[in-house]
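What follows is a set of notes on a single structure, which appears directly below.
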Amino acid sequence: MKKIVFSALMVIGLSLIFTGCKDKEAPLPEYVKQTMSLVWADEFEYEGKPDESKWSYSIGNQNGWGNGEIQKYTDKPENVNVHKGICTITALREGKSNRWTSARMKTEHKGFWDRGYIEVRAKLPEGVGTWPAIWMMPEANRHGQWPRSGEIDIMEHVGFDKDRVHATVHSKAFNHKQGNQKTRSDILEGATKKFHTYAVYWTDDVIRWVYDGETFYETENPHMSWEEWPFDHPFYLILNVAIGGTWGGQQGIDKKMTKAAMEVDYVRVYQ
């Protein structure tokens, strides 16, 4: 009898431990629940390569992707893979060289949205030199090339400034080349240790960043022209881990680092 009781207590105890270890999902804001419905999602409840009906990839280096990044993007399973409900994007240092590979997955031509609530639940990589991002670009450059047609950075993080997350939009009138982009950054405790939700609520009048169910930042449409607010056409989603670059590499790249991974629990879009 003692063995049975002990075994039962062990099962209950382990169950509580594992339940406690799992990060809770942040609640969906009430204004989203009341006005929108789920229209697109990837819960990653399968194994292997990300769903090809939803995702494609940027490949190569493309002259540092305009930012001096050093990684070469691939679609190899070593760099992007789905396992046990998590999609992992892994930057890898190849051998003893300083050559890095990684992945940049995108919904271009497969999933694109004009306004809505776009939410990603993710755990960020650690390491000086890493530059993970969750962001959106225009499906078609309605107003011309960057930054004229806009860019929505749902979340960026650079490894030398651990746990500080950045929310930004770029337009012709406001962008980082001019140093006047619309942005906010702040510390999000445990950004590299546990999962957090990163979202944008995008309407005709406002883009609002919502982290863990709470408003982090917002910028309003001044209703002047497309130069200030080019967010009047569909955008697609991008998830990537870059290495180095003009921002991510400002304090170098940790020479001891051999890999860095961003784990994605789900992607959900409401309209």
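Here my numbering is used: the first residue of the sequence shown is 1, the next is one more, and so on. Note that CB positions come from ideal geometry on N, CA and C, so glycine has one too.
Practice problem: Quick one: using the 10 Å Cβ neighbour count with 16 as the cut-off for buried, is Pro-29 buried or exposed? | Solution: As a working mapping, residue 29 is identified with position 29 in the sequence shown. Counting every other CB atom within 10 Å of its CB across the protein chains shown gives Pro-29 a total of 16 or more, marking it as buried.
Exercise. Report, in whole angstroms, the separation of the C-beta atoms of Trp-40 and Gly-111, which I expect to be a contact under 8 Å.
Key: Taking the sequence shown and counting its residues from 1, one reaches residue 40 at position 40. Taking the sequence shown and counting its residues from 1, one reaches residue 111 at position 111. Right, their Cβ atoms sit about 5 Å apart.
Quiz item: Using DSSP with H/G/I as helix, E/B as strand and the rest coil, what is Lys-33?
Solution: Along the sequence shown, read from residue 1 onward, the residue named residue 33 stands at position 33. If DSSP states are grouped into helix, strand and coil, Lys-33 belongs with the helices.
Quiz item: From Thr-101, Gln-145 and Asp-205, pick the residue whose C-alpha is nearest to that of Asp-315; which is it?
Solution: No statement about residue 315 is possible, as the shown extent of the chain runs from 1 to 271 and does not include it.
Quiz item: So, using beta-carbon positions, are Asn-240 and Met-105 closer together than 9 Å?
Solution: For the purposes of this step, residue 240 is taken as the residue at position 240 of the sequence shown. For the purposes of this step, residue 105 is taken as the residue at position 105 of the sequence shown. Taking 9 Å as the Cβ cut-off, Asn-240 and Met-105 qualify as a contacting pair.
Quiz item: Considering His-223, what are the terminal residues of the beta strand (DSSP E) in which it resides?
Solution: For the purposes of this step, residue 223 is taken as residue 223 along the sequence shown, with counting starting at 1. Note, His-223: premise wrong, no beta strand (DSSP E); not H, not E.
Exercise. Compute the Euclidean distance between the alpha carbons of Leu-188 and Arg-164, then round it to the nearest angstrom.
Key: Counted from its first residue, the sequence shown places residue 188 at position 188. Counted from its first residue, the sequence shown places residue 164 at position 164. Distance from the CA atom of Leu-188 to the CA atom of Arg-164, rounded to whole angstroms, is 6 Å.
Quiz item: Under three-state DSSP, which class holds Trp-146?
Solution: Numbered from 1 along the sequence shown, position 146 holds the residue referred to as residue 146. Correct three-state label for Trp-146: coil.
Exercise. Reducing DSSP to helix, strand and coil, say where Asn-240 ends up.
Key: What you label residue 240 is simply residue 240 of the sequence shown in a count that begins at 1. Reduced to three states, the DSSP call for Asn-240 is strand.
Quiz item: CB-CB under 6 Å to Gln-145, same chain, minus the five flanking residues each way: which ones, in chain order?
Solution: On the sequence shown, residue 145 is found 145 positions in, with the first residue counted as 1. The answer is none, since no qualifying residue turns up.
Practice problem: Report the residue ranges of all beta strand (DSSP E) runs contained in full by the segment 60–126; include only those spanning at least 3 residues, in chain order. | Solution: Those beta strand (DSSP E) runs which fall completely within the segment 60–126 and span 3+ residues are 80–83, 86–93, 100–102, 104–106 and 116–123.
Quiz item: Taking all protein chains shown into account, do 16 or more other C-beta atoms lie within 10 angstroms of the C-beta of Ile-59, making it buried, or fewer, making it exposed?
Solution: For this step, residue 59 is matched to residue 59 along the sequence shown. It is exposed - the Cβ of Ile-59 has fewer than 16 other Cβ atoms within 10 Å.
Practice problem: From the DSSP output, read off the bridge partner residues of Lys-259. | Solution: For the purposes of this step, residue 259 is taken as the residue at position 259 of the sequence shown. The partner list for Lys-259 (beta bridge, DSSP) reads Leu-92.
Exercise. Rounded to whole angstroms, what's the CA-CA distance from Ile-154 to His-166? Just pull it up for me.
Key: Here residue 154 corresponds to residue number 154 of the sequence shown, with the count starting at 1. Here residue 166 corresponds to residue number 166 of the sequence shown, with the count starting at 1. Going by the C-alpha atoms only, they are around 8 Å apart.
Practice problem: Mind checking which residues open and close the beta strand (DSSP E) that includes Ala-133? | Solution: In the sequence shown, counting from the first residue as 1, residue 133 sits at position 133. First-last of the beta strand (DSSP E) with Ala-133: 130–138.
Quiz item: Is Ala-191 helix, strand or coil when you go by DSSP?
Solution: Along the sequence shown, read from residue 1 onward, the residue named residue 191 stands at position 191. If DSSP states are grouped into helix, strand and coil, Ala-191 belongs with coil.
Exercise. Give the straight-line distance between the Cα atoms of His-176 and His-170, rounded to the nearest whole angstrom.
Key: Within the sequence shown, numbered from 1, the residue matching residue 176 stands at position 176. Within the sequence shown, numbered from 1, the residue matching residue 170 stands at position 170. Spanning the two alpha carbons is a distance of roughly 7 Å.
Quiz item: Lys-182 by DSSP, collapsed to three states: which one?
Solution: Here residue 182 refers to the residue found at position 182 when the sequence shown is read from its first residue. Annotated three-state conformation of Lys-182 is strand, per DSSP.
Quiz item: Taking Cβ positions, are Gly-68 and Gly-245 nearer each other than 9 Å?
Solution: For this step, residue 68 is matched to residue 68 along the sequence shown. For this step, residue 245 is matched to residue 245 along the sequence shown. Less than 9 Å divides the Cβ of Gly-68 from the Cβ of Gly-245.
Quiz item: If we count the other Cβ atoms within 10 Å of its Cβ and call it buried at 16 or more, is Leu-237 buried or exposed?
Solution: Taking the first residue of the sequence shown as 1, we reach residue 237 at position 237. So Leu-237 ends up on the buried side.
Self-check item: Met-224 classed as buried or exposed, judged by whether at least 16 other C-beta atoms fall within 10 angstroms
Solution: By 1-based counting over the sequence shown, the position of residue 224 is 224. Classification for Met-224: exposed.
Exercise. Output the boundary residues of the beta strand (DSSP E) element that contains Val-39.
Key: Translated into the one-based positions of the sequence shown, residue 39 becomes position 39. Taken as a continuous stretch (DSSP letters only), the beta strand (DSSP E) holding Val-39 covers 38–42.
Exercise. Under 8 Å Cβ to Cβ from Lys-193, same chain only, skipping five residues before and after it: list those, please.
Key: To locate residue 193, count along the sequence shown from 1; it is residue 193. Excluding residues within five positions, the ones whose Cβ falls inside 8 Å are Lys-123.
Quiz item: Between the C-alpha atoms of Trp-229 and Gly-95, what's the straight-line distance to the nearest angstrom?
Solution: Here residue 229 refers to the residue found at position 229 of the sequence shown. Here residue 95 refers to the residue found at position 95 of the sequence shown. Cα to Cα, Trp-229 sits roughly 45 Å from Gly-95.
Quiz item: Taking the DSSP output, what are the residues bridged to Asp-153?
Solution: For the purposes of this step, residue 153 is identified with residue 153 of the sequence shown, where counting begins at 1. Answer by DSSP bridge pairing, in chain order: Trp-135 and Thr-168.
Self-check item: Where Asn-98 falls, given that 16 or more other Cβ within 10 Å makes a residue buried
Solution: Within the sequence shown, the letter at position 98 stands for residue 98. By the 10 Å Cβ count, Asn-98 comes out exposed.
Quiz item: Does DSSP classify Glu-25 as helix, strand or coil?
Solution: Position 25 of the sequence shown, counted from the start, is the residue given in the question as residue 25. In the structure shown, Glu-25 sits in coil (DSSP, three-state: anything other than H, G, I, E or B).
Quiz item: Quick one: what's got a C-beta closer than 6 Å to Thr-258's C-beta in the same chain, skipping five residues either side?
Solution: Taking the sequence shown and counting its residues from 1, the one referred to as residue 258 is at position 258. Closer than 6 Å at Cβ, skipping near neighbours: Arg-93.
Quiz item: Hey, how far is the Cα of Trp-135 from the Cα of Phe-195?
Solution: Here residue 135 refers to the residue found at position 135 when the sequence shown is read from its first residue. Here residue 195 refers to the residue found at position 195 when the sequence shown is read from its first residue. Looking at the two C-alpha atoms, the distance is approximately 17 Å.
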